[in-house]
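Numbering (this note's numbering), first residue to last: 14 to 246.
This report concerns only the one structure given below.
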Amino acid sequence: MLEINNLRAGYGAINVLWDLSLNIEAGKLTTIIGPNGAGKTTLLRAVMGLVPVSQGTITLDGKSLGDIPTWKMTEASMAMIPEGRMVFRDMTIEENLMMGAFAPRHRAAAPGNLEKSYQMFPRLRERRKQLAGSLSGGEAQMLAMARGLMSDPKLLIIDEPSLGLAPVMVNELFDILGRLKQDKRTIVLVEQNTQRAVGVADHVYLMQSGKVVLSQPAAEVSLDHLHKLYFAR
Ligand code: ATP
């Protein structure tokens, strides 16, 4: 579904991704793991058109994403849930959710998708008139996830959702990821919690220094081997 071939990208004179290739299969949950600074967020930013690509191609269902500006990505049926939640703190929960369906083509389906979001995240319904800035970290993460689902994307990209969450919220988060997976949604999950990420994934990529150093079906991954590669320098 999402194919990345021979990608090089970075920030001005600093190149971060080196000839990187990945294939994200439709209806599967693919996790991309790797230590700090491996280039995971840079990869997601390159996919979303936020970082310039100096070499290689990124295609979604065979169509190049290179010419689509970031603000039009929801029209390509992609949504990204960024690291750090990025909720609009001075808006209510419901207003935040409606921002996820802001593009004209998503507005007609917004009431139905809002109801689906509330069914998946009942706590958001209870607090729908509350300002997002008053939510706990876990609740804000749920809001960011629900907002990402408001455009009913074919491809959902989630960057480090468990970062900074209490263990109980991490459990809840991975339960939700498991449910999204059952819906056969295509998900790219960037995570530092390797054990949980491998546990929920269909396929695992490990990145080191801007390169893919392991690509394996999750069922075949040995955590020992993975951790050795993870900490290798
Ligand atoms: P983390 O898990 O810590 O978020 P990551 O794997 O997502 O790490 P990136 O955030 O993609 O890694 O960073 C990869 C490299 O790019 C790092 O060396 C980082 O310092 C550098 N980098 C990130 N953002 C910028 C920027 N805006 N300008 C210059 N260099 C950057």
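Here a beta-carbon is modelled for each residue, glycine too, at the ideal position from N, C-alpha and C.
Small disclaimer: the values here were computed from a predicted structure and weren't measured.
Is residue i a contact residue of the ligand ATP, with contact defined as CB to any heavy atom under 6 Å?
i, result
"Thr55", "yes"
"Ile27", "yes"
"Tyr243", "no"
"Asn49", "yes"
"Tyr218", "no"
"Gly52", "yes"
"Tyr131", "no"
Would you kindly check if the distance between the Cβ of residue j and the Cβ of residue i is under 7 Å?
i, j, result
"Ile17", "Ile81", "no"
"Gly47", "Lys53", "yes"
"Tyr243", "Ile45", "no"
"Asp165", "Asn126", "yes"
"Ile170", "Met93", "yes"
"Gly151", "Met182", "yes"
"Leu156", "Ile106", "yes"
"Val203", "Glu173", "yes"
"Arg98", "Ala153", "yes"
"Ala121", "Val64", "no"
"Met91", "Leu168", "yes"
"Leu144", "Leu73", "no"
"Lys197", "Leu42", "no"
"Met220", "Ala116", "no"
"Asn206", "Ser175", "yes"
"Gly223", "Trp84", "no"
"Tyr131", "Arg140", "no"
"His216", "Pro230", "yes"
Assuming residue i and residue j are in contact, meaning their beta carbons sit under 8 Å apart, how far apart are those beta carbons, in whole angstroms?
i, j, result
"Val225", "Val211", "The Cβ separation is near 16 Å, so there is no contact."
"Gly79", "Val66", "7 Å"
"Ala114", "Met158", "Not confirmed; about 14 Å, so no contact."
"Glu88", "Arg58", "In fact, because the Cβ distance is near 19 Å, the residues do not count as touching under 8 Å."
Provide the residue(s) that pair with residue i in DSSP beta bridges, ordered along the chain.
i, result
"Val203", "Ile45 and Asp172"
"Asn18", "Thr70"
"Ala92", "Leu169"
"Asn126", "DSSP output for Asn126 lists no bridge partner at all."
"Tyr218", "Ile45 and Ser228"
"Gln193", "The sequence shown places Leu at residue 193, not Gln. Partner(s): none; Leu193 has no beta bridge."
"Leu35", "Ile17"
"Tyr24", "Ile27"
"Thr105", "Leu144"
"Ser77", "Thr72"
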